[in-house]
Amino acid sequence: MKETDNFFDKVYQVTRLIPFGRVTSYGAIGIYLGAAKSARMVGWAMNKSHNLDDVPAHRVVNRKGLLTGKHHFDGTNLMQQLLENEGIVVIDNQIQDLEKVFWSPTEEL
DNA sequence: AGTGTGACACTGG
DNA sequence: TCCAGTGCCACAC
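So for the first sequence, the working numbering puts the first residue at 429; every next one is plus one.
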């Protein structure tokens, strides 16, 4: 077991804590982890999260609310479907009313 | 030990 | 608002 996974583990933890019908950005998670500049790492962690089914990566999007990782999901619009299923309006991989569904771990967690 | 890479974020034009 | 370029950190090879 590697303790170095702490970073990734945290990412998974926060991602799992995302409330239903809410989304967050990689940067927000990075800030919460203390690595705001490593927002890219968060995405990498998500890549590994594919191994885990407890990580709702579909609730994690970039700062623009764009489903950048959708392509990485199932290769289809599964990510968007999941978000819409939670009441989030997604058009063309772009989350609508992002301000309303946005969830900040640093503020609400 | 070094290089390449990435599901980003920020700034400037 | 959008496009392009830059910085940034941590992981994989």
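Cβ atoms here follow ideal geometry from the backbone N, Cα and C, with glycine treated the same way.
Since the structure is predicted, the reported quantities are computational estimates derived from the model, not experimental observations.
Any idea if residue i is buried or exposed, counting beta-carbon neighbours within 10 angstroms, 16 or more meaning buried?
| i | result |
| --- | --- |
| Phe436 | buried |
| Thr432 | Unreliable positioning characterises Thr432 in this predicted model, as indicated by a pLDDT of 49, which lies under 50. A coordinate reading is not provided. |
With a CB to CB cut of under 8 Å and the five nearest residues on each side skipped, what residues in its chain are close to residue i?
| i | result |
| --- | --- |
| Gln522 | Lys492, Gly493, Leu494 and Leu495 |
| His478 | Ala485 and His500 |
| Asn475 | His500 |
| Lys465 | Gly458 |
Whose C-alpha, out of the options, is nearest the C-alpha of residue i?
| i | options | result |
| --- | --- | --- |
| Gln508 | Ala464, Val451, Val442 and Glu536 | Val451 |
Leaving out five residues on either side along the sequence, give the residues of the same chain with a beta carbon under 7 Å from the beta carbon of residue i.
| i | result |
| --- | --- |
| Leu526 | Gly493 |
| Gln441 | none |
Give me, in chain order, the residues of the same chain whose beta-carbon lies closer than 6 Å to that of residue i; leave out the 5 immediate sequence neighbours on both sides.
| i | result |
| --- | --- |
| Asp502 | none |
Segments of 4+ residues assigned as alpha helix (DSSP H) that fall wholly inside the region 448-492: Runs of the alpha helix (DSSP H) spanning 4 or more residues and lying entirely within the region 448-492 occur at 454-461 and 467-477, in chain order.
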